[in-house]
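Please read the structure below before turning to the comments.
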Amino acid sequence: MTIKMRFLISYLGGIIVTLLSLFLISSITLFVVTGSVPSPNNLYKMITRERSLSLEEEGAFLELRLLAKNEPDSLKNLENPELVKIIQEIEKQNLAVVIRQGEDISYYSNGLVEKSLLAHFPIYEPNNLKVNGTIDNAGRLYRYMKFDFKDSSQMANSVMVLKKENTFVEFLQKWGLLISGLIILIALIFVQLFNRSITKTIIEPLDQLKKSTETMKTGNLESIEVPLDNEYAANEIKELADSFEEMRLQVKQSAIEQKRYEENRKELIANISHDLKTPITSIIGYVEGLQDGVATTKEKEAQYLATIHKKATSLNHLIEELFLYSKLDLQKIGFNFEEVNIRQFLVHISEEYQMELANQGTHLSTEFGEEQDAYCLIDREQVNRILGNLIQNSLNFRDMGKEFNQVILRLTQTESKVWIEVEDNGIGIDEEQQAFIFDRFYRGESSRNIAMGGSGLGLAIVKQLVEAHGGTLQLNSIKGQGTKIAFCLNKLVEKE
Numbered sequence: 322m323t324i325k326m327r328f329l330i331s332y333l334g335g336i337i338v339t340l341l342s343l344f345l346i347s348s349i350t351l352f353v354v355t356g357s358v359p360s361p362n363n364l365y366k367m368i369t370r371e372r373s374l375s376l377e378e379e380g381a382f383l384e385l386r387l388l389a390k391n392e393p394d395s396l397k398n399l400e401n402p403e404l405v406k407i408i409q410e411i412e413k414q415n416l417a418v419v420i421r422q423g424e425d426i427s428y429y430s431n432g433l434v435e436k437s438l439l440a441h442f443p444i445y446e447p448n449n450l451k452v453n454g455t456i457d458n459a460g461r462l463y464r465y466m467k468f469d470f471k472d473s474s475q476m477a478n479s480v481m482v483l484k485k486e487n488t489f490v491e492f493l494q495k496w497g498l499l500i501s502g503l504i505i506l507i508a509l510i511f512v513q514l515f516n517r518s519i520t521k522t523i524i525e526p527l528d529q530l531k532k533s534t535e536t537m538k539t540g541n542l543e544s545i546e547v548p549l550d551n552e553y554a555a556n557e558i559k560e561l562a563d564s565f566e567e568m569r570l571q572v573k574q575s576a577i578e579q580k581r582y583e584e585n586r587k588e589l590i591a592n593i594s595h596d597l598k599t600p601i602t603s604i605i606g607y608v609e610g611l612q613d614g615v616a617t618t619k620e621k622e623a624q625y626l627a628t629i630h631k632k633a634t635s636l637n638h639l640i641e642e643l644f645l646y647s648k649l650d651l652q653k654i655g656f657n658f659e660e661v662n663i664r665q666f667l668v669h670i671s672e673e674y675q676m677e678l679a680n681q682g683t684h685l686s687t688e689f690g691e692e693q694d695a696y697c698l699i700d701r702e703q704v705n706r707i708l709g710n711l712i713q714n715s716l717n718f719r720d721m722g723k724e725f726n727q728v729i730l731r732l733t734q735t736e737s738k739v740w741i742e743v744e745d746n747g748i749g750i751d752e753e754q755q756a757f758i759f760d761r762f763y764r765g766e767s768s769r770n771i772a773m774g775g776s777g778l779g780l781a782i783v784k785q786l787v788e789a790h791g792g793t794l795q796l797n798s799i800k801g802q803g804t805k806i807a808f809c810l811n812k813l814v815e816k817e
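Residue numbers (the numbering used here): 322 to 817.
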């Protein structure tokens, strides 16, 4: 069932329930008062039940009654001055007078209909047991008081004083049909106006949202009409439209990211294939050389085996880094965070790397400043890996034309953070390439040869690990002069 039909049923149901409630309340009230629920016929009689005239009206009637009782024959002469005077006094009070002689109406006031009087005139009662009641005259109800008597010829006569009864039933008899039609017309107009309002504020915006969802189903996330600017839309619909627009933007962003992930996946597969194929091809070549007897001396054979070992080690290192990067990317690596004195930690790390770098012709120096010791919540193993990858990157991109190659490990502090920086005097990075060096498999040269070392994953792993520690990276490099890569860690409360 549509919303429009539900609203229409609700409107009509509300009207019906209201009418039934009024009927039920009226029935209960009448039951409490009368002890029974009246039928429609009895209800009509209750509404039009006989009522007596007021004291003033009865006073006007008494003079006419007294004249009829004492001088009954005087009512035969309608020109009798006394009778005329009494009738005039009665009619001045907006009352009507009727005189019946036998079966005929000899006198009736203006506004009454003789034919209707003859049809509805109360029966003659010589004992006058029922002297008041309600009479219908041409569709109008009148309250009356009457007096029945006989004249000298024993003819049955009656005098009656009437007052127009403006009852609810009479009102309904005259105007009920028109009012009912008017009420129905107003109700229909109201329903139509309300229905139009609902259509503009709810139905039309929902139809637009439906069209938008159907457009989204086709994969089109751009040309979608969302009724955000519909001035007639209900606030709830506008909120729904806002939520829909947010969802559309999120779906669009997800689609863009999914596309980027797919492109990265393809690139990753291509890069892995290349980086695995290169050392494997080299290993196969040297093994075939050994099998074919190319290494004719022990020295050459040892050289071949050393090369095979180096390539296999490089291949194993690449696989380990791929595995680590995959775990980081899927957020499936566990971190063992602990409170660490950063200065002492860096002193220990620098001592480990100084000997290793010296053997490769590079000097490692430290600059830790004079600031107070700082404590951070870190995973020792992973921060060690960060520093190791940064130092290894400096070694891979040394300037072999320089006599002195240097790597500086530097520690600086701000109020809430510590900055750890690795600086070298290597070949540097082109400015246009600096935005990509933390991407996986990016090596900083156009060709894919690995003569300079590195898998292209080291700095990508650094970025993942730094972000996992809640830090950020900064890069400053000048081509031909060197590179500075720094990352920050959040400080804990300082300890003395």
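Where is the CB? At the ideal position from N, CA and C, for every residue including glycine.
Residue closest to residue i, alpha-carbon to alpha-carbon, out of the options
i, options, result
"Phe656", "Ile519, Val787, Asp425 and Met466", "Val787"
"Leu433", "Ser427, Asn458 and Leu439", "Asn458"
"Lys738", "Tyr696, Ile729, Gln665 and Asn637", "Tyr696"
"Thr687", "Ser427, Gly747 and Leu732", "Leu732"
"Ala508", "Tyr332, Ala576, Leu813 and Phe725", "Tyr332"
"Phe689", "Leu810, Trp740 and Arg569", "Trp740"
"Phe328", "Thr683, Val668, Phe511 and Met466", "Phe511"
"Glu412", "Asn431, Asp394 and Glu424", "Asn431"
"Ile505", "Ile337, Gln734, Gln754 and Phe808", "Ile337"
"Tyr829", "Ser635, Gln612, Tyr607 and Met466", "Outside the shown range of the chain (322 to 817) lies residue 829, about which nothing can therefore be said."
"Thr602", "Ile782, Ile629 and Asp613", "Ile629"
"Asn705", "Gly682, Val668, Gly380 and Leu345", "Val668"
"Phe718", "Ser798, Lys587 and Gln414", "Ser798"
"Gln795", "Ala789, Gln802 and Ile806", "Ile806"
Residue range of the alpha helix (DSSP H) that includes residue i
i, result
"Tyr625", "Lys619 to Asp650"
"Leu450", "Unbroken run through Leu450: none, as it is neither H nor E."
"Asn662", "Looking at the DSSP string, Asn662 is not in any alpha helix (DSSP H); the run it does join, the beta strand (DSSP E), is Glu659 to Asn662."
"Arg701", "Arg701 to Asn717"
"Val405", "Pro402 to Glu412"
"Ser437", "Glu435 to His441"
"Ala789", "Gly779 to Ala789"
"Leu530", "Glu525 to Lys538"
Contact belief for residue i with residue j at Cβ below 8 Å, rounded distance in angstroms
i, j, result
"Phe759", "Lys784", "4 Å"
"Thr455", "Tyr463", "7 Å"
"Leu388", "Val482", "Contact doesn't hold; Cβ gap of about 12 Å is too wide."
"Leu404", "Leu396", "6 Å"
Where residue i falls, given that 16 or more other Cβ within 10 Å makes a residue buried
i, result
"Ser768", "Here Ser768 scores only 37 on pLDDT, less than 50, and its place in the model should not be relied on; the value that follows carries that caveat. The residue is exposed, with fewer than 16 neighbouring Cβ atoms inside 10 Å."
"Pro600", "buried"
"Thr350", "exposed"
"Thr804", "buried"
"Ala772", "Interpretation of Ala772 is limited by its pLDDT of 41, a score under 50 that renders its predicted location unreliable; no figure is taken from the coordinates."
"Pro526", "buried"
"Ile408", "buried"
"Ile330", "exposed"
"Ser715", "buried"
"Leu341", "exposed"
"Ile577", "exposed"
"Arg764", "At Arg764 the pLDDT is 49, less than 50, meaning the model places this residue with poor confidence; the figure from the coordinates comes in the next sentence. Buried is the call here."
"Glu371", "Bear in mind that a pLDDT of 47 at Glu371, under 50, signals an unreliable position, so the number given afterwards is only what the model happens to contain. Counting Cβ neighbours within 10 Å, Glu371 comes out exposed, since fewer than 16 surround it."
"Gln734", "buried"
"Val418", "buried"
"Leu651", "exposed"
"Glu435", "exposed"
"Asn449", "exposed"
"Glu584", "exposed"
"Asn770", "A caution first: Asn770 carries a pLDDT of 37, below 50, which makes its placement in the model too unreliable to give a value."
"Arg586", "exposed"
Range covered by the beta strand (DSSP E) that runs through residue i
i, result
"Ser798", "Leu794 to Ile799"
"Gln579", "That residue, Gln579, is in no beta strand (DSSP E); its alpha helix (DSSP H) goes Asn556 to Gln612."
"Ala756", "Premise fails: Ala756 is in no beta strand (DSSP E) and is neither H nor E."
"Thr683", "Thr683 to Glu688"
"Val615", "Run containing Val615: none; DSSP gives neither H nor E here."
"Asp745", "Lys738 to Asp745"
"Gly803", "Gly803 to Asn811"
"Gln693", "Note, Gln693: premise wrong, no beta strand (DSSP E); not H, not E."
"Ile426", "Asp425 to Tyr429"
"Thr733", "Asn726 to Gln734"
"Ser479", "Ala477 to Glu486"
"Lys471", "Arg461 to Lys471"
Check whether the stretch 649-665 touches the stretch 698-718, taking contact to mean three or more Cβ pairs, one atom from each stretch, closer than 8 Å.
The answer is yes - the stretch 698-718 touches the stretch 649-665, with three or more Cβ pairs under 8 Å.
On the three-pair Cβ rule with 8 Å, is the stretch 536-545 touching the stretch 503-519?
Contact between the stretch 536-545 and the stretch 503-519 is absent, because fewer than three Cβ pairs lie under 8 Å.
Per the contact definition of three or more C-beta pairs closer than 8 Å, is the stretch 640-650 in contact with the stretch 662-671?
At 8 Å Cβ cutoff, the stretches do not touch.
Would you say the stretch 744-751 touches the stretch 713-732, given that touching needs at least three Cβ pairs under 8 Å?
Touching, yes.
Segment contact, 8 Å Cβ cut-off, at least three pairs: the stretch 530-541 with the stretch 500-507
Under the 8 Å Cβ criterion, the stretch 530-541 does not count as touching the stretch 500-507, having fewer than three qualifying pairs.
Between the stretch 590-598 and the stretch 557-575, can you find at least three pairs of beta-carbon atoms closer than 8 Å?
Below 8 Å, too few C-beta pairs join the stretch 557-575 and the stretch 590-598 to call them touching: fewer than three.
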